[in-house]
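A.B. asks: Below you will find the structure I want to go over with you.
Chains as they are written, first to last, in the working numbering: chain B, 1241 to 1362; chain Z, 4 to 488.
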C-alpha cells in the first residue's frame, strides 16, 4: 500500500539567483549562480550529488530541449540528468521527481534546479 | 614617419572559369566572349565582404600585439549592413580592443585608397598608431553581363603606423569627379554601367594621367623613378595605351590579376599593392592609383624593414591555394541569384537574439574562450565552472583567444539533411593545440578530403543569412590546412 513521501525526504540546502534584468547572464550562468549557493547552504560537495533534474520551459531560446546543458554548465559528469517541463509547474516537476527518486531509495542526494532566461525574446 | 607596417591579402578559394560562364550565358550576349579569359575568384557560400576583410586583416596583423591597434578602417561597396557598423564587426572578429576608432568607407571604388589615406593622415599626425585598413569586395554583375565576367572577389589589408614601416608614405594626390561609370542605388543588387568606350576614353584615359601627373608634378619626381606603378584598369587596350602615354615600363606595370582574380572594386588597388609589396625591395618607390568616382594616387618608398615581412602569405599564397568551382549554377545559388531549394529545414525561422549576441559577442565574433586561472585549462565556449573535473573552479576564468590556434579534427560527418547551400553540411569536433575542444562547421573543403587528426585553422564566416530580416550572422568555421606548394 502506497504511503506517500512524508518523512522520507529532506531539503538539505537552497540557492537562488539575484533578481533583475540580468542582461549579462545566460541560463547556464544563472544555473551556476543558484547551484553554488545551494551547495554551500547544504554544506555538501558536488561529487555527493547522485542525480539531477532540471526544470525549464521556454526551451527554444535558451536551454534547449535536453537536460545536457545543466550537466555541462555545472560539470556533473557520470550522473543521470533529466529535464522536466510542465508550464508554470515546470520546476516543481523537477523538484517532485527529485523527491520521488530519494523517497524510492534510488539515491541519497539529488539536485533539483529550475531556470528560465526570459530576456532574449525582443 | 607614417607608412605601411605590415600587409595581408585574401582571395577566396573557389575560382570560376570564365568559359563556364560563357557556355551558360554566352547565348544571351555573344560579345562577352571577349571577356571570357581566365578565371574569376568567387566567395564561398559562407563568405561576404566582411568575412574576406577579416581574413585579409588577420593575415596582416599576424604576430602583432592585438592590444596595440587603435583603429580599423573598412572599405567596400558591398557591405552587408547599411546601418550597423561593418568595421565594428571586422574589429571584433580581429580580436581587437573595444576602445578603438572604427569607420566604414564606401561609395566610390576609390574608397579603399581613401581609407588608407585617412589612416596615413592619422599616423602622420601622431593621433593614431597601428591602424588596420582593410578593403574587400563581392560585387555582382547580372548573368550574361560583362560585369559578371570581369568582377572577382578579393580582400587586402595593411597595417598603418609611424614606427618600423616597411613602406614610407611620401605623399598623395587626389582627384574627385562625379563620373558615374558604375553605380548602384539603395536597393540595387547588380552593378550597372554606362558605355565602355565612354568609361575608357573619358574615365581611365583622363583621370589616371591627371592623378599620376598631378602627383609627379607635386613631388617633382619622374614616372621612371617608380619600381612599380599600380593602377586599376581592367581594359587591356586602355592599359597598354596608358602605359605608353605615361611611360610606364613593362616591368613597372604591376599585374592587375584580371585573369586570376578579377576586378575587385575597392579592394583592387590594395590587392595589387599587397602583391607588389611581397616582391618589393628596400629603396623601391611604389605608386598606387585607385579608380572610381575619381582617383587617389599614393606614393610610397620601401624601407629595409621589408625583409622582415618576407614570410607573409599575402595575395600570392591565396592565388596558389585554389579549387575550381566547376559549376556555374552553384555560383548563382551561392550568390542568391538563383533561388535554390535547401529543403524544408531551411524555412525554419531562426531569430537573431541581439541581447544574447551582445552578451557573447567576444565568443561569437572574436572566438574568445576562457582559460582557468586555477588550473590553466583552455575552454570554449567560455565556462563559469571549470571543465577540468579535477579542478571545477567557479568564476575563475580569464579571456583566451582561439581564433589564432591550430586545431585537429577529432571527428567529422557529412549531413545531407541539414539545410545548406553547399550540401552536405560538414561538421564535427575540433581539438585545439594547447587545449579546448568544440564542434565546428568545416568549410572550403569536401567531405572526402577530411580525416581525423587533420590540422585546421579557424576562419570567420557567415553562419546564416536571415532573408526575412536581412540579417547576416557570423561565426567561426574550421578550414583544413592545405600544403601550399
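Positions of the beta carbon are idealized from the N, C-alpha and C atoms, including for glycine. Fair warning: this is a prediction, and the values are worked out from it, not measured in the lab.
Could you pull out every residue in the same chain whose Cβ sits closer than 6 Å to the Cβ of residue 250 of chain Z, ignoring the five residues on either side in sequence?
C.D. replies: Indexing the second chain from 1 puts residue 250 of chain Z at position 247. Once the five neighbours on either side are set aside, the close Cβ partners of residue 250 of chain Z are 226.
A.B. asks: Along the chain, where does the alpha helix (DSSP H) that runs through residue 281 of chain Z open and close?
C.D. replies: Walking along the second chain from the start, residue 281 of chain Z turns up at place 278. 271-282 is the span of the alpha helix (DSSP H), which, as asked, contains residue 281 of chain Z.
A.B. asks: Given a threshold of 16 other Cβ atoms within 10 Å of its Cβ, counted over all protein chains shown, does residue 1251 of chain B qualify as buried or as exposed?
C.D. replies: The residue given as residue 1251 of chain B occupies position 11 in the first chain. Residue 1251 of chain B comes out exposed.
A.B. asks: So what does DSSP say about residue 499 of chain Z, is it helix, strand or coil?
C.D. replies: Nothing about residue 499 of chain Z can be read from this structure; chain Z reaches only from 4 to 488.
A.B. asks: Secondary structure at residue 89 of chain Z, three-state DSSP: helix, strand or coil?
C.D. replies: Your numbering for residue 89 of chain Z matches position 86 in the second chain. Three-state DSSP puts residue 89 of chain Z in a helix.
A.B. asks: DSSP state of residue 365 of chain Z, grouped into three classes?
C.D. replies: Here residue 365 of chain Z refers to the residue found at position 362 of the second chain. Looking at residue 365 of chain Z - three-state DSSP - the assignment turns out to be helix.
A.B. asks: Kindly provide the ranges of any alpha helix (DSSP H) runs that are 4 or more residues long and lie completely inside the stretch 193-274 of chain Z, ordered along the chain.
C.D. replies: 208-221 and 239-249
A.B. asks: May I have the straight-line CA-CA distance separating residue 1336 of chain B from residue 1255 of chain B, to the nearest angstrom?
C.D. replies: Taking the first chain and counting its residues from 1, the one referred to as residue 1336 of chain B is at position 96. Taking the first chain and counting its residues from 1, the one referred to as residue 1255 of chain B is at position 15. Taking the straight line from one Cα to the other gives about 17 Å.
A.B. asks: What does the alpha-carbon distance come out to for the pair residue 487 of chain Z and residue 309 of chain Z?
C.D. replies: Residue numbering aside, residue 487 of chain Z sits at position 484 when the second chain is read from its first letter. Residue numbering aside, residue 309 of chain Z sits at position 306 when the second chain is read from its first letter. At residue 487 of chain Z the pLDDT is 49, less than 50, meaning the model places this residue with poor confidence; the figure from the coordinates comes in the next sentence. Using only the alpha carbons, I get a separation of about 22 Å.
A.B. asks: So with CB distances below 9 Å, who are the chain Z contacts of residue 1239 of chain B?
C.D. replies: This structure leaves residue 1239 of chain B out entirely; chain B is present only between 1241 and 1362.
A.B. asks: According to DSSP, which residues form a beta bridge with residue 1295 of chain B?
C.D. replies: Taking the first chain and counting its residues from 1, the one referred to as residue 1295 of chain B is at position 55. For residue 1295 of chain B, which the question treats as bridged, DSSP gives the partners B:1324 and B:1354.
A.B. asks: Among Z:279, Z:381 and Z:176, whose alpha-carbon lies nearest the alpha-carbon of residue 437 of chain Z?
C.D. replies: Working through the second chain from its first residue, we reach residue 437 of chain Z at position 434. Minimum Cα distance to residue 437 of chain Z is reached at Z:381.
A.B. asks: Quick one: is residue 433 of chain Z near chain B, going by C-beta distance under 8 Å?
C.D. replies: One-based indexing of the second chain puts residue 433 of chain Z at position 430. Residue 433 of chain Z does not count as touching chain B.
A.B. asks: At least one CB of chain B closer than 8 Å to the CB of residue 3 of chain Z: is that the case?
C.D. replies: Only positions 4 to 488 of chain Z appear in the structure, and residue 3 of chain Z is not among them; the question remains open.
A.B. asks: Name the one or two DSSP bridge partners that residue 416 of chain Z has.
C.D. replies: Taking the second chain and counting its residues from 1, the one referred to as residue 416 of chain Z is at position 413. DSSP lists Z:430 as partners of residue 416 of chain Z.
A.B. asks: Taking Cβ-Cβ distances shorter than 8 Å, what residues in chain B pair up with residue 356 of chain Z?
C.D. replies: Working through the second chain from its first residue, we reach residue 356 of chain Z at position 353. Neighbours of residue 356 of chain Z in chain B, taken as residues at a C-beta separation under 8 Å, are given in chain order as 1301, 1360, 1361 and 1362.
A.B. asks: How about residue 217 of chain Z and residue 176 of chain Z: do their beta carbons lie closer than 8 Å?
C.D. replies: Translated into the one-based positions of the second chain, residue 217 of chain Z becomes position 214. Translated into the one-based positions of the second chain, residue 176 of chain Z becomes position 173. Less than 8 Å divides the Cβ of residue 217 of chain Z from the Cβ of residue 176 of chain Z.
A.B. asks: From this set, Z:352, Z:358 and Z:162, which residue's C-alpha is nearest residue 471 of chain Z's C-alpha?
C.D. replies: Along the second chain, one-based indexing puts residue 471 of chain Z at 468. Nearest of Z:352, Z:358 and Z:162 to residue 471 of chain Z, Cα basis: Z:352.
A.B. asks: Considering Cα atoms alone, identify which of Z:418, Z:10, Z:443 and Z:422 is closest to residue 158 of chain Z.
C.D. replies: For the purposes of this step, residue 158 of chain Z is taken as the residue at position 155 of the second chain. When each option's Cα is compared against that of residue 158 of chain Z, the closest is Z:10.
A.B. asks: Could you check whether the Cβ of residue 1281 of chain B sits closer than 8 Å to any Cβ belonging to chain Z?
C.D. replies: Against the first chain, residue 1281 of chain B aligns to sequence position 41. No - not a single Cβ of chain Z is within 8 Å of the one on residue 1281 of chain B.
A.B. asks: For residue 1346 of chain B, count neighbouring Cβ atoms within 10 angstroms of its own Cβ and tell me buried if that reaches 16, exposed if not.
C.D. replies: Within the first chain, the letter at position 106 stands for residue 1346 of chain B. Flag for residue 1346 of chain B reads exposed.
A.B. asks: For residue 359 of chain Z, which residues in chain B fall below 7 Å Cβ to Cβ?
C.D. replies: The residue labelled residue 359 of chain Z in the question sits at position 356 within the second chain. Residues of chain B passing the Cβ test: 1360.
A.B. asks: What is the DSSP secondary structure of residue 441 of chain Z, reduced to helix, strand or coil?
C.D. replies: Reading the second chain from its first residue, position 438 is the one you call residue 441 of chain Z. Residue 441 of chain Z: strand per DSSP, three-state reduction.
A.B. asks: Determine whether the beta carbon atoms of residue 116 of chain Z and residue 272 of chain Z lie at a separation below 8 Å.
C.D. replies: Position 113 of the second chain, counted from the start, is the residue given in the question as residue 116 of chain Z. Position 269 of the second chain, counted from the start, is the residue given in the question as residue 272 of chain Z. Residue 272 of chain Z sits close to residue 116 of chain Z, with the two beta carbons spaced by under 8 Å.
A.B. asks: Where residue 328 of chain Z and residue 425 of chain Z are concerned, what is the direct C-alpha to C-alpha distance, given to the nearest angstrom?
C.D. replies: Taking the first residue of the second chain as position 1, residue 328 of chain Z is located at position 325. Taking the first residue of the second chain as position 1, residue 425 of chain Z is located at position 422. Each residue's Cα considered, the two are about 12 Å apart.
A.B. asks: Where do the N-terminal and C-terminal ends of the alpha helix (DSSP H) with residue 137 of chain Z fall, by residue?
C.D. replies: Taking the first residue of the second chain as 1, we reach residue 137 of chain Z at position 134. From DSSP, residue 137 of chain Z is part of no alpha helix (DSSP H) but of the beta strand (DSSP E) over 134-140.
A.B. asks: To which residues of the same chain is residue 454 of chain Z closer than 8 Å at the C-beta, ignoring the five residues directly before and after it?
C.D. replies: By one-based count along the second chain, residue 454 of chain Z stands at place 451. Closer than 8 Å at the Cβ level, and outside the excluded window around residue 454 of chain Z, lie 412.
A.B. asks: Mapping the DSSP letters down to three states, classify residue 1339 of chain B as helix, strand or coil.
C.D. replies: As a working mapping, residue 1339 of chain B is identified with position 99 in the first chain. In this structure, residue 1339 of chain B counts as helix in the three-state DSSP scheme.
A.B. asks: Would you check if there are 3 or more beta carbon pairs closer than 8 Å linking the stretch 36-56 of chain Z to the stretch 98-109 of chain Z?
C.D. replies: Put simply, the stretch 36-56 of chain Z does not touch the stretch 98-109 of chain Z. Fewer than three CB pairs are less than 8 Å apart.
A.B. asks: When you compare the stretch 339-359 of chain Z with the stretch 54-70 of chain Z, are there three or more beta-carbon pairs, one atom per stretch, that lie closer than 8 Å?
C.D. replies: no
A.B. asks: For residue 293 of chain Z and residue 224 of chain Z, what's the separation of their Cα atoms in angstroms?
C.D. replies: By one-based count along the second chain, residue 293 of chain Z stands at place 290. By one-based count along the second chain, residue 224 of chain Z stands at place 221. Per the coordinates, the alpha-carbon of residue 293 of chain Z lies some 19 Å from the alpha-carbon of residue 224 of chain Z.
A.B. asks: Going by Cα to Cα distance, which pick from Z:231, Z:295 and Z:268 is closest to residue 276 of chain Z?
C.D. replies: As a working note, residue 276 of chain Z is residue 273 in the second chain. Residue Z:231 is the option with its Cα nearest to residue 276 of chain Z.
A.B. asks: Can you list, in chain order, the residues of the stretch 1312-1336 of chain B whose Cβ is nearer than 9 Å to any Cβ on chain Z?
C.D. replies: 1312, 1313, 1314, 1315 and 1317
A.B. asks: Here's a check: name, in chain order, each residue in its chain whose Cβ is nearer than 6 Å to the Cβ of residue 91 of chain Z, leaving out the five neighbours to either side.
C.D. replies: Within the second chain, residue 91 of chain Z is the residue found at index 88, counting from 1. Only 105 meet the Cβ criterion.
A.B. asks: Can you tell me whether residue 253 of chain Z is buried or exposed, with buried defined as 16 or more other CB within 10 angstroms of its CB?
C.D. replies: The residue labelled residue 253 of chain Z in the question sits at position 250 within the second chain. Counting Cβ neighbours within 10 Å, residue 253 of chain Z comes out exposed, since fewer than 16 surround it.
A.B. asks: Is residue 462 of chain Z closer than 8 Å to residue 482 of chain Z when the C-beta atoms are compared?
C.D. replies: For the purposes of this step, residue 482 of chain Z is taken as the residue at position 479 of the second chain. For the purposes of this step, residue 462 of chain Z is taken as the residue at position 459 of the second chain. Contact flag set, yes.
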